[in-house]
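As structure tokens, the structure follows; a few thoughts come after it.
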Amino acid sequence: MSLSPRIIAFLLAFLISVLTAVFLTFVEGVTNNMLFVVAVSSFAVSFFLVLYAIELLVYREVNKMYKTIHKLKIRDFNISRKTIIKNNNPFKKLNDEVFVYVARKQKEIEELKRLELFRREFLADVSHELKTPIFAAQGFIHTLIDGAIDDENVRDKFLAKAAKSLDGLDALVKDLVALSQLETGELKMHFERVDLHQVIAEALEQLEKKAQTKGTTLRIKTDRPGSYWVKADPQRIHQVMINLLENAIKYGNDNGKVLVTLEEDKKQVLVSVKDDGPGIPPEHLSRIFERFYRVDKSRSKERGGTGLGLAIVKHILNAHRSKVSVMSKVDRGTTFSFKLEKVE
């Protein structure tokens, strides 16, 4: 049998009135009329007090808890911590605290599920990226072992291809190690006063031959002559520029142009790397900094690269308290930009 607040109040009030009347019988001079009046009055007062206490303080809050559970089922997290602090009713505080706690745990579970999905995708991507150069080198070497080594032309050709595959594997492993160290904070930044113009000039010089093979023109444009002194890790910013410039050369048009722009304001220096390539479709812009994400997987594979360059760029700049941004229009080119703190 389910007990409603009225039944509980009635039973308790009846018990109180009976006990009160029984105790009064031991008092001398108490008449039956007096016992009747006391019993009725104590019953009435007890009934309404108990009913109010149970209805208001218990059942109403229990019903709120059921509503809370219902809200959690539909993931309705519209509650403010301020309302919890302002409430003086302990049952209300309990109800709201349970709601906030479970809501937070639900969000943590969703985040863990997202990270688990990301981990599985990452492992699948790593396995695929490692498998390609390993299988290629393995195929060339086994072909040589099976007898092709006796043919000098075939031997040299296959050894060169195997070496190229292993070089790609080495680059991939190095990028994975660097990315892991950046994410865990193991790879520390060594900040110093750096001439950003000189760092960019060295990166352009390093990639000059690669640009010439595609007929790409590399150029730097500044808003004033002289040095641009910033607070940065020179080795890591050089790595950022190499990755951005390699991408611009790789995905830009043949016989195209890559322009690096330097602009400064009172506190920061803005660096932009612009190519005149086919651009990046809008639906891909939010994901290009993910590990192994490729806009055009078939063309990206042909052009090489580990697929980790932009992810490394993002983490290095985050360690410099900066962010890399991208602007792109289809058939109009792509521009990557970031800011560094200026040092006088």
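Numbering (the UniProt record's numbering), first residue to last: 1 to 344.
Backbone N, C-alpha and C fix where the C-beta goes; we use that ideal spot for every residue, glycine too.
Strand pairing of residue i, partner residues [DSSP]
i: F336; result: V273, V326
i: K257; result: T217
i: R193; result: K231
i: L262; result: T222, V271
8 Å contact criterion, which residue i and residue j should meet: CB distance rounded
i: G279; j: D254; result: Actually they do not touch by this definition, with Cβ atoms about 16 Å apart.
i: A13; j: V40; result: No, A13 and V40 are not in contact; Cβ-Cβ is about 10 Å, not under 8 Å.
i: T217; j: G277; result: No, T217 and G277 are not in contact; Cβ-Cβ is about 13 Å, not under 8 Å.
i: A178; j: L245; result: Not confirmed; about 18 Å, so no contact.
i: V45; j: T20; result: Wrong, their Cβ atoms sit about 10 Å apart, outside the cutoff.
i: E152; j: H315; result: The Cβ separation is near 46 Å, so there is no contact.
i: K319; j: M189; result: Per the sequence shown, residue 319 should be read as Ala rather than Lys. About 5 Å; that satisfies the 8 Å criterion.
i: V230; j: V194; result: 6 Å
i: F191; j: A124; result: Actually they are not in contact, since the Cβ atoms of F191 and A124 sit about 37 Å apart, beyond 8 Å.
i: residue 345; j: F10; result: Any property of residue 345 remains undetermined from this structure, which presents the chain solely from 1 to 344.
Inter-residue Cα distance where the pair is residue i and residue j
i: R114; j: L169; result: 29 Å
i: T25; j: P5; result: 30 Å
i: V313; j: I134; result: 26 Å
i: F99; j: K105; result: 10 Å
i: R120; j: E55; result: 51 Å
i: S227; j: E116; result: 46 Å
i: A137; j: K157; result: 12 Å
i: K131; j: P225; result: 49 Å
i: V343; j: L172; result: 35 Å
i: Q206; j: E108; result: 46 Å
i: D265; j: M327; result: 21 Å
i: E186; j: G309; result: 19 Å
i: Q181; j: G147; result: 43 Å
i: A211; j: L112; result: 43 Å
i: D331; j: Y251; result: 12 Å
i: G307; j: V269; result: 28 Å
i: D175; j: N243; result: 11 Å
i: D150; j: S127; result: 34 Å
Same chain, Cβ closer than 8 Å to residue i, five either side skipped, listed in chain order
i: R321; result: E341
i: K221; result: L259, V260, T261, L262
i: I200; result: I220, M241, V260, L262, V271
i: H197; result: I220, T222, G226, S227, Y228, L262
i: K329; result: G279
i: R287; result: Y293
i: F43; result: A13, F14, I16, S17
Extent of the continuous alpha helix (DSSP H) run through residue i
i: R224; result: Neither: R224 is in no alpha helix (DSSP H) and is coded neither H nor E.
i: I316; result: 309 to 319
i: I280; result: No alpha helix (DSSP H) contains I280, which DSSP labels as neither H nor E.
i: E183; result: 152 to 184
i: residue 347; result: Absent from the structure is residue 347, since the part of the chain shown begins at 1 and ends at 344.
i: F10; result: 5 to 24
i: A44; result: 32 to 52
Residues near residue i in its chain [Cβ-Cβ closer than 7 Å; skip 5 each side]
i: L317; result: V240, K323, V324, F338
i: A248; result: V258, V273, D275
i: T143; result: F158
i: Y52; result: none
i: V30; result: L24
i: R299; result: Caution is warranted here: a pLDDT of 47 is assigned to R299, below 50, making its placement in the model unreliable, and the coordinate value is therefore given only provisionally. There are no such residues.
Below-8 Å beta-carbon distance, residue i vs any chain B residue
i: V258; result: Absence of chain B from the displayed structure is noted, only one protein chain being present.
Residue i: CB within 7 Å of a non-hydrogen atom of the ligand ATP
i: S4; result: In the structure shown, the ligand ATP is absent, as is every other ligand, since no ligand is present at all.
Beta-carbon proximity list for residue i, same chain, < 6 Å, skipping 5 on both sides
i: K161; result: F140
i: L166; result: A137
i: E283; result: none
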